[in-house]
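Here is the structure we will look at, set down as structure tokens.
Numbering (our numbering), first residue to last: 190 to 552.
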């Protein structure tokens, strides 16, 4: 009897464990039926055992008779429970088939309760701590994210703030020349059905500026400027501006979807969402480096890194406009303050970036 009940208890535990990860599947129904059978028959058995104990206390039966009668009652209910569980086997088979079919044909990562890692069209994605969030949609309204963005950065004039990739710039037009890494905290604004969210973060941004062919950045005692390279054959010339950034975004969900949980209606933040993003940011410059790689008659590869001492502003402030869908974020951002000051002898000084977030890690 002990071995059989242990097996039944294991089946029940397995059923409840599966029910916690997918509360609407057939194993939940099966485990509840088995639990009901065991509890009902166990209650009847305990009642009969109590009567036997009462007879023994009243000295109506001997100790040996008591043990024999208890063994007979236990054996009887063991058989009853096994027979009733046997009748439920078909339900177990159907529930198992349903579980396998759902896992193979309709995988739902939001119900897995496991940390997730995948590579999609929007880059590298990871989710952690999903098990503790369970199915309450309230737990998904507050977010922690780590995003990585690749950006095409250029310089514009004050009078033509959005004249991107213009021929009048001192810089060469390149596609990817900046990157951003940001840790975000976000939450909902208003009630549980509100489509508005905010997020603010702390991160870093590095902008790379490449002069036109044959030219390089140079500096003297007072100025930063661009001139012909005269120390050999130039292979690469770059200037890096690196900032510590504090951005803040306002996100508006354009296609909100809702879910009711325990009588309360929530915006379901796990669904694919089309969002409009408006943001502002500020940054403090932490370093500027002039990088040159060239060759001459003595060496085929010479690399120089020089700290930029003039011509670069220490602070930048700007705004961002973007659109996102399912973690795929496309944005344009504009610096309101120039990246370079009056000591920089450049034609264009205001930063303009067009970028995409290619990775997202959700905690």
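Each residue gets a CB set at the ideal place from its N, CA and C atoms; glycine is no exception.
Terminal residues of the continuous alpha helix (DSSP H) containing residue i?
i           : result
residue 259 : 252-276
Have a look at residue i and residue j and give me their C-alpha separation to the nearest angstrom.
i           : j           : result
residue 276 : residue 226 : 11 Å
residue 467 : residue 441 : 9 Å
residue 246 : residue 255 : 10 Å
residue 340 : residue 350 : 17 Å
residue 546 : residue 432 : 18 Å
residue 298 : residue 367 : Model confidence at residue 298 stands at a pLDDT of 44, short of 50, so the residue's coordinates are unreliable; what they give is reported in the following sentence. Using only the alpha carbons, I get a separation of about 33 Å.
residue 445 : residue 507 : 29 Å
residue 419 : residue 337 : 37 Å
residue 557 : residue 383 : Because the chain here runs from 190 to 552, residue 557 falls outside it and cannot be looked at.
residue 212 : residue 221 : Residue confidence is low: residue 212 scores 41 on pLDDT, short of 50, so the model does not pin down where it sits. Its coordinate-derived value is still stated next. Spanning the two alpha carbons is a distance of roughly 12 Å.
residue 360 : residue 540 : 12 Å
residue 274 : residue 266 : 12 Å
residue 478 : residue 408 : 12 Å
residue 462 : residue 522 : 22 Å
residue 375 : residue 487 : 56 Å
residue 243 : residue 452 : 50 Å
residue 482 : residue 327 : 53 Å
residue 424 : residue 406 : 13 Å
residue 543 : residue 421 : 34 Å
residue 532 : residue 345 : 17 Å
residue 410 : residue 464 : 49 Å
residue 439 : residue 404 : 41 Å
residue 526 : residue 358 : 17 Å
residue 449 : residue 386 : 19 Å
residue 132 : residue 235 : Outside the modelled stretch of the chain, which goes from 190 to 552, sits residue 132, for which no answer is possible.
residue 491 : residue 329 : 52 Å
residue 331 : residue 485 : 57 Å
residue 537 : residue 347 : 8 Å
residue 272 : residue 514 : 54 Å
residue 489 : residue 353 : 35 Å
residue 223 : residue 229 : 10 Å
residue 335 : residue 535 : 35 Å
residue 460 : residue 516 : 11 Å
residue 530 : residue 362 : 21 Å
residue 307 : residue 476 : Only weak support is given to the placement of residue 307: the predicted model assigns it a pLDDT of 45, under 50, and the value that follows is read from those uncertain coordinates. Cα to Cα, the separation comes out at about 34 Å.
Measure from the alpha carbon of residue i to the alpha carbon of each residue in the options, then state which is nearest.
i           : options            : result
residue 240 : 259, 272, 328      : 259
residue 333 : 327, 388, 474, 346 : 388
residue 399 : 375, 329, 429      : 429
residue 364 : 343, 375, 382, 532 : 343
residue 528 : 517, 499, 272, 513 : 499
residue 458 : 452, 447, 451      : 447
residue 518 : 509, 263, 402      : 509
residue 502 : 326, 524, 492, 257 : 524
residue 434 : 410, 407, 469      : 469
residue 233 : 253, 270, 490, 456 : 270
residue 268 : 490, 385, 231      : 231
residue 401 : 427, 411, 410      : 427
residue 325 : 455, 257, 410      : 455
residue 436 : 264, 505, 530      : 505
residue 480 : 526, 515, 493      : 493
residue 472 : 497, 495, 485, 390 : 390
residue 474 : 496, 535, 330, 261 : 496
residue 238 : 261, 347, 443      : 261
Say the cut is 7 Å; is the CB of residue i nearer than that to a heavy atom of the ligand PLP?
i           : result
residue 335 : What this structure holds is no ligand at all, so the ligand PLP is not there to describe.
So who's on the other strand from residue i, going by DSSP bridges?
i           : result
residue 474 : 432
residue 227 : For residue 227, which the question treats as bridged, DSSP gives no partner whatsoever.
residue 376 : 387
residue 392 : 371, 434
residue 527 : According to DSSP, residue 527 bridges with nothing at all.
residue 540 : 344
residue 546 : 338, 518
residue 421 : Residue 421 is not bridged to any residue.
residue 440 : 386, 466
residue 533 : 413
residue 426 : 481
Between which two residues does the beta strand (DSSP E) harbouring residue i extend?
i           : result
residue 339 : 332-345
residue 494 : 491-496
residue 508 : 504-514
residue 154 : Nothing about residue 154 can be reported from this structure: the residues present for the chain run from 190 to 552 only.
residue 407 : 404-408
residue 416 : 413-417
residue 524 : 517-524
residue 249 : Looking at the DSSP string, residue 249 is not in any beta strand (DSSP E), and its letter there is neither H nor E.
residue 456 : 453-456
Using a Cβ-Cβ distance cut-off of 8 Å, determine whether residue i contacts chain C.
i           : result
residue 271 : Among the chains of the structure shown, chain C does not appear; only one protein chain is present.
Query raised in the report: Given 8 Å as the limit, is there contact between the region 370-380 and the region 389-397, that is, 3 or more CB pairs closer than that?
Result: yes
Query raised in the report: Within the chosen definition, does the region 408-422 reach the region 374-386 through at least 3 CB pairs nearer than 8 Å?
Result: No: the two stretches stay apart, fewer than three of their Cβ pairs being nearer than 8 Å.
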